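Trainee: Sharing a structure, written as structure tokens. Questions coming.
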Amino acid sequence: MSFMGSAAFWGFAGIAVAFVSLCVILVQVRAVSAEARRARAKWQGRHIQRRAFEKRLFVGSHVVNSPRQMPASSPEPSWARVLATTVSLWAGRRLRRIGNKGRLRGFPARGRPALSARGLLGAAAILLPAADRTRYVQEYLSELWDLTQADEGRLRQLLYAFRQLRSAISMSRALRSPRRRGAAP
Amino acid sequence: MGSKQHRAPRMTIPTQLVLSALLRDPAQEMYGLQICAAAGLPSGTIHPILGRLEHEFGWLSSRWEDIEPEAEGRPKRRYYRLTEDGAERARIALAQASTSISAIGLRPRPAGGPA
Numbered sequence: 287m288s289f290m291g292s293a294a295f296w297g298f299a300g301i302a303v304a305f306v307s308l309c310v311i312l313v314q315v316r317a318v319s320a321e322a323r324r325a326r327a328k329w330q331g332r333h334i335q336r337r338a339f340e341k342r343l344f345v346g347s348h349v350v351n352s353p354r355q356m357p358a359s360s361p362e363p364s365w366a367r368v369l370a371t372t373v374s375l376w377a378g379r380r381l382r383r384i385g386n387k388g389r390l391r392g393f394p395a396r397g398r399p400a401l402s403a404r405g406l407l408g409a410a411a412i413l414l415p416a417a418d419r420t421r422y423v424q425e426y427l428s429e430l431w432d433l434t435q436a437d438e439g440r441l442r443q444l445l446y447a448f449r450q451l452r453s454a455i456s457m458s459r460a461l462r463s464p465r466r467r468g469a470a471p
Numbered sequence: 000m001g002s003k004q005h006r007a008p009r010m011t012i013p014t015q016l017v018l019s020a021l022l023r024d025p026a027q028e029m030y031g032l033q034i035c036a037a038a039g040l041p042s043g044t045i046h047p048i049l050g051r052l053e054h055e056f057g058w059l060s061s062r063w064e065d066i067e068p069e070a071e072g073r074p075k076r077r078y079y080r081l082t083e084d085g086a087e088r089a090r091i092a093l094a095q096a097s098t099s100i101s102a103i104g105l106r107p108r109p110a111g112g113p114a
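If you're matching them up, the sequences are chains A and B in order. Converting from the first sequence to my numbering requires adding 286 to each position, the first position being numbered 1. Residue 100 in my numbering sits at position 101 of the second sequence, and the numbers go up by one each step.
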């Protein structure tokens, strides 16, 4: 392989590794932000209950809750978690747009493949020729769906998607071969 | 320009395993995960091989599954099958392979195994 080809290959490999690392980080951020949203909702709910309880005490109205039933307050989520929530919501929308080219919207939400795996497949499809992109995204998503229905976990789905991403360059080379003839879509 | 029909892919071990799995029953159509299970290879390995065999050498034909995805509740699968010419050339190429999978004790798994 010539120097330029080798440099291009390692450049692509570096970009792919950086992208995969970013996807893994975003998955973790998303998990943290979901927990942050739940914690915040729980805090807000308990905060309202606590205020209502204190108001009843000060007003002198009939106290329904005894002090033992007063909900314990939990700490408000930090600004870091709020920022992580915002970033993950934005990243989730972007990944969903890429990963949904196979049109999984018409299928039940429960039992769908993991969003992170779909995002990786979308990234793999970007490296393919434009004429074949839709076909192979649909094919990969179909196989990912089969893995999901076979109760394969998120890790197995991510492994499948990562393998497709890793082989996307060789796949692209095969599809761009000058001796290729037209195949049925 | 040489004829495409007389060219053969490089007979690497994964290519031989894929061709052996497809030659088990040339008339049978198989989709990606089935070929993975039959050949004993990960999916990231077989898709470039299938792409080369189909688009570059014309040994495979593929088609979408004839179902209604909304009715079935799942996306369509892509089925692959050896063409008549492709099956013949695959047998010849396997027989002429310098490093045969049978010589080193590799065999494709029975179809229908775990992916």
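Glycine residues also receive a C-beta, built at the ideal position from the N, C-alpha and C atoms. No experiment lies behind these values; they were computed from the predicted model shown.
Does the separation of the CB atoms of phenylalanine 305 of chain A and alanine 409 of chain A fall below 8 angstroms?
Mentor: Yes, these two residues count as a Cβ contact at 8 angstroms.
Trainee: Can you list the residues of chain B that arginine 440 of chain A reaches, using a CB-CB cut of under 9 angstroms?
Mentor: Here the premise fails: no neighbours, minimum Cβ distance about 16 angstroms.
Trainee: How would you list, in chain order, the residues of chain B whose beta-carbon sits under 8 angstroms from the beta-carbon of glutamine 314 of chain A?
Mentor: Residues of chain B passing the Cβ test: none, with the nearest at roughly 24 angstroms.
Trainee: Answer with yes or no whether the minimum CB distance from serine 288 of chain A to chain B is below 8 angstroms.
Mentor: Output row for serine 288 of chain A: interface = no.
Trainee: With DSSP as the reference, please indicate the residues paired to arginine 62 of chain B in a beta bridge.
Mentor: In DSSP, arginine 62 of chain B forms a bridge with B/Tyr78.
Trainee: Assuming methionine 10 of chain B and alanine 92 of chain B are in contact, meaning their beta carbons sit under 8 angstroms apart, how far apart are those beta carbons, in whole angstroms?
Mentor: Rounded, the Cβ-Cβ distance is 6 angstroms, consistent with contact.
Trainee: Quick one: give me the first and last residue of the alpha helix (DSSP H) that glycine 405 of chain A is part of.
Mentor: It spans 401-412 - the alpha helix (DSSP H) in which glycine 405 of chain A sits, taken as one unbroken run.
Trainee: Taking Cβ-Cβ distances shorter than 7 angstroms, what residues in chain B pair up with alanine 460 of chain A?
Mentor: Residues of chain B passing the Cβ test: Pro47, Gly50, Arg51, His54, Glu55.
Trainee: Classify methionine 29 of chain B as helix, strand or coil using the three-state DSSP reduction.
Mentor: The answer is strand: DSSP assigns methionine 29 of chain B an E or B state.
Trainee: Could you pull the start and end residues of the alpha helix (DSSP H) that serine 456 of chain A belongs to?
Mentor: Segment 454-461, the alpha helix (DSSP H) holding serine 456 of chain A.
Trainee: Using CA atoms only, rank isn't needed, just tell me which of A/Tyr422, A/Ala454, A/Phe289 is closest to arginine 76 of chain B.
Mentor: Nearest option by C-alpha distance: A/Tyr422.
Trainee: What's the gap between the Cα of glutamine 95 of chain B and the Cα of arginine 88 of chain B?
Mentor: The straight-line gap from Cα to Cα measures roughly 10 angstroms.
Trainee: Quick check on proline 8 of chain B: does DSSP put it in helix, strand or coil?
Mentor: In this structure, proline 8 of chain B counts as coil in the three-state DSSP scheme.
Trainee: Touching or not, the region 300-315 of chain A and the region 419-435 of chain A, by the rule of three or more beta carbon pairs under 8 angstroms?
Mentor: Output reads no: the region 419-435 of chain A does not touch the region 300-315 of chain A.
Trainee: How many angstroms separate the CA atom of cysteine 309 of chain A from the CA atom of alanine 417 of chain A?
Mentor: Each residue's alpha carbon lies about 26 angstroms from the other.
Trainee: Just checking: is the beta-carbon of aspartate 437 of chain A within a distance shorter than 8 angstroms of some beta-carbon in chain B?
Mentor: Not one chain B Cβ lies under 8 angstroms of aspartate 437 of chain A.
Trainee: Any chance the region 16-29 of chain B sits against the region 446-458 of chain A, with 3 or more Cβ pairs inside 8 angstroms?
Mentor: Verdict: no, contact absent.
Trainee: Just the chain B side, please: which residues come within less than 8 angstroms of arginine 452 of chain A by C-beta, in chain order?
Mentor: What arginine 452 of chain A touches in chain B: Gly43.
Trainee: Verify the CB distance criterion: does glycine 39 of chain B have a CB-CB separation below 8 angstroms to chain A?
Mentor: Taking Cβ atoms only, chain A never reaches closer than 8 angstroms to glycine 39 of chain B, which makes this a no.
Trainee: From the DSSP output, in three-state form, read off glycine 50 of chain B for me.
Mentor: Glycine 50 of chain B falls in the helix class under three-state DSSP.
Trainee: Under a CB-based cut-off of 8 angstroms, is glycine 85 of chain B close to chain A?
Mentor: No, its Cβ sits nowhere closer than 8 angstroms to a Cβ of chain A.
Trainee: Does the distance from the CB of arginine 419 of chain A to the CB of alanine 411 of chain A come in under 8 angstroms?
Mentor: Cβ atoms of arginine 419 of chain A and alanine 411 of chain A: closer than 8 angstroms.
Trainee: So, is the C-beta of arginine 324 of chain A closer than 8 angstroms to a C-beta in chain B?
Mentor: No, no contact with chain B.
Trainee: Hey, quick one: how far does the alpha helix (DSSP H) through glycine 85 of chain B stretch, first residue to last?
Mentor: Element bounds for glycine 85 of chain B: 83-95.
Trainee: Considering serine 428 of chain A, what are the terminal residues of the alpha helix (DSSP H) in which it resides?
Mentor: Taken as a continuous stretch (DSSP letters only), the alpha helix (DSSP H) holding serine 428 of chain A covers 416-435.
Trainee: Answer with buried or exposed for proline 47 of chain B, where buried requires no fewer than 16 other C-beta atoms within 10 angstroms of its C-beta.
Mentor: Its Cβ being crowded by 16 or more others within 10 Å, proline 47 of chain B is buried.
Trainee: Using only CA atoms, which one of B/Ala7, B/Pro8, B/Gly57 lies nearest to glutamate 83 of chain B?
Mentor: Of the listed residues, the one whose Cα sits closest to glutamate 83 of chain B is B/Gly57.
Trainee: If the cut is a Cβ gap below 9 angstroms, which residues of chain B does arginine 419 of chain A touch?
Mentor: The premise fails here: arginine 419 of chain A is roughly 13 angstroms from chain B at the closest Cβ pair, so nothing lies under 9 angstroms.
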